[in-house]
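Residue 855, in the working numbering, is where the sequence shown stops; the numbers in between run on with no holes. Down below is the structure, laid out as structure tokens.
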Amino acid sequence: LKNFLTASRKVSFLLLLMVLSGLGEAFSIASIIPFLSVIVDPITFSKQPIGIFISNILQLNEPSQLIAPIALIFIMAIMVSSIIRLLNLWVGNKFVAKVGCDLSLKAYNVAINQPYEVHLQRNSSKIINTATVQTSNTVAFISTLLDIITGSFICISILIILSFIEWRICLVVSLIMLI
Numbered sequence: 677l678k679n680f681l682t683a684s685r686k687v688s689f690l691l692l693l694m695v696l697s698g699l700g701e702a703f704s705i706a707s708i709i710p711f712l713s714v715i716v717d718p719i720t721f722s723k724q725p726i727g728i729f730i731s732n733i734l735q736l737n738e739p740s741q742l743i744a745p746i747a748l749i750f751i752m753a754i755m756v757s758s759i760i761r762l763l764n765l766w767v768g769n770k771f772v773a774k775v776g777c778d779l780s781l782k783a784y785n786v787a788i789n790q791p792y793e794v795h796l797q798r799n800s801s802k803i804i805n806t807a808t809v810q811t812s813n814t815v816a817f818i819s820t821l822l823d824i825i826t827g828s829f830i831c832i833s834i835l836i837i838l839s840f841i842e843w844r845i846c847l848v849v850s851l852i853m854l855i
């Protein structure tokens, strides 16, 4: 029961990191719009609600002064998103390696605890090869599955943020993805 709870918590933490990866990617994409807006036309951006809000908080008087804070927010969003994504990959790979190690150990224990007569009848190199290949295939499958789940969370988060920004683009992107 103790190992199950520990494994359950690891999977829960991994799922949380996947969701955070999706949200981080979505926030990075969402932060592009203010960044590009303030670079193209700081005066118009300073009259928008987000520009007014940032100007009031930082007590900025000139619209051109908004470029540095918005650029900093954009850079920080990308850095945080990248760190979460790297953490997600690291934890996922560690989890997959642990599962592979556990599977290999179980396969070894099953093979080694066979009666002596079974060992006389079977080719030991064939048993080891089969266990190794099957374990590698299972680990590759789990790794791919984790990548697909993470990619799905990222895709859904991006579509949600696009629907808030411009629902027509979101609809076109969704239709393209379905094809």
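In this text, a Cβ means the ideal position worked out from N, Cα and C, and glycines have one as well.
For the pair I719 and I743, the CB atoms are not nearer than the 9 Å cut-off.
With 16 or more other Cβ atoms inside 10 Å of its own Cβ, T811 counts as buried. As the crow flies, the alpha-carbon of V756 is around 21 Å from that of L822. Counting C-beta atoms within 10 angstroms of its own C-beta, F721 has 16 or more neighbours from the protein chains shown and is therefore classed as buried. Residue nearest to V767 within the set V849, V848, L693 and I855 is L693 (criterion: CA-CA distance). Under the three-state reduction of DSSP output, N785 falls in the helix class.
For V786, the closest alpha carbon among the candidates A773, K770 and T806 is that of T806. Counting along the chain, the unbroken alpha helix (DSSP H) around N813 starts and ends at S800 to I841. Only residues of its own chain outside the window of five on either side were considered, and among them S757, I760, R761, N764, T826, F829 and I830 have a CB closer than 8 Å to the CB of S697, listed in chain order.
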